[in-house]
Amino acid sequence: MSLKGPIISIEDDEDDQFLLAQVIKQLGVTNEIRFFSNGQLALHYLEDTKEQPFLILCDINMPIMNGLELRRRINRSEYLRQKSIPFVHLTTAASPEIIREAYEESVQGFFQKASDYAGFQQQIKHLIEYWQNCLHPNSQF
Numbered sequence: 006m007s008l009k010g011p012i013i014s015i016e017d018d019e020d021d022q023f024l025l026a027q028v029i030k031q032l033g034v035t036n037e038i039r040f041f042s043n044g045q046l047a048l049h050y051l052e053d054t055k056e057q058p059f060l061i062l063c064d065i066n067m068p069i070m071n072g073l074e075l076r077r078r079i080n081r082s083e084y085l086r087q088k089s090i091p092f093v094h095l096t097t098a099a100s101p102e103i104i105r106e107a108y109e110e111s112v113q114g115f116f117q118k119a120s121d122y123a124g125f126q127q128q129i130k131h132l133i134e135y136w137q138n139c140l141h142p143n144s145q146f
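Using our numbering, read the sequence shown as starting at 6 and increasing by one per residue.
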């Protein structure tokens with residue numbers, strides 16, 4: 006994990022992408038944000054990039070490849086597992102079955118998106134602060 010690496014957002018809703026970008030900016034986070042509208046696009050990027058992303062924030066319900074399938078594909082890839090990129094689901098789709106399935110794939114967090122802007126901002130703030138302070142296999146000291 007690189008504290009300066011990009012934040013990867015896999016989110017197909019353009020309004021949610023805009024909100025996340027605004028929150029990140031307001032929080033003064035300097036990490037670049039890379040948006041992908043489905044898991045397949047994100048997977049291709051992750052497989053090809055030499056960058057070490059800081060954090061992956063992933064929706065569940067998306068076209069082509071959903072968030073759960075993306076996490077499974079990452080786990081099956083030795084190269085991507087070795088990158089140890091923190092992977093957190095941030096979604097409106099929360100049910101006991103989906104949450105259980107996400108944790109079966111060793112997701113590092115599962116959050117239902119807050120229904121208001123202030124709540125969403127707090128969620129993102131806490132997530133970023135947690136991962137900025139967390140030691141991890143690819144922490145760059």
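Note that CB positions come from ideal geometry on N, CA and C, so glycine has one too.
Of the candidates GLY33, LEU25, GLN31, the residue whose Cα lies closest to the Cα of PHE41 is LEU25.
The beta-carbon separation of SER89 and PRO142, rounded to 4 Å, stays under the 8 Å limit for a contact.
Residue pairing of VAL93 in beta bridges, as defined by DSSP: LEU62, GLY114. 8 Å or more divides the Cβ of GLY114 from the Cβ of ASN71. Taken through DSSP and simplified to helix, strand or coil, ILE133 comes out as helix.
Comparing C-alpha distances from TYR108 to each of HIS49, LEU32, LEU51, ARG77 shows the shortest one belongs to ARG77. Take the alpha-carbon of GLU37 and the one of ASN80: they are about 24 Å apart.
Counting other Cβ atoms within 10 Å of its Cβ, ILE29 reaches 16 or more and is therefore classed as buried.
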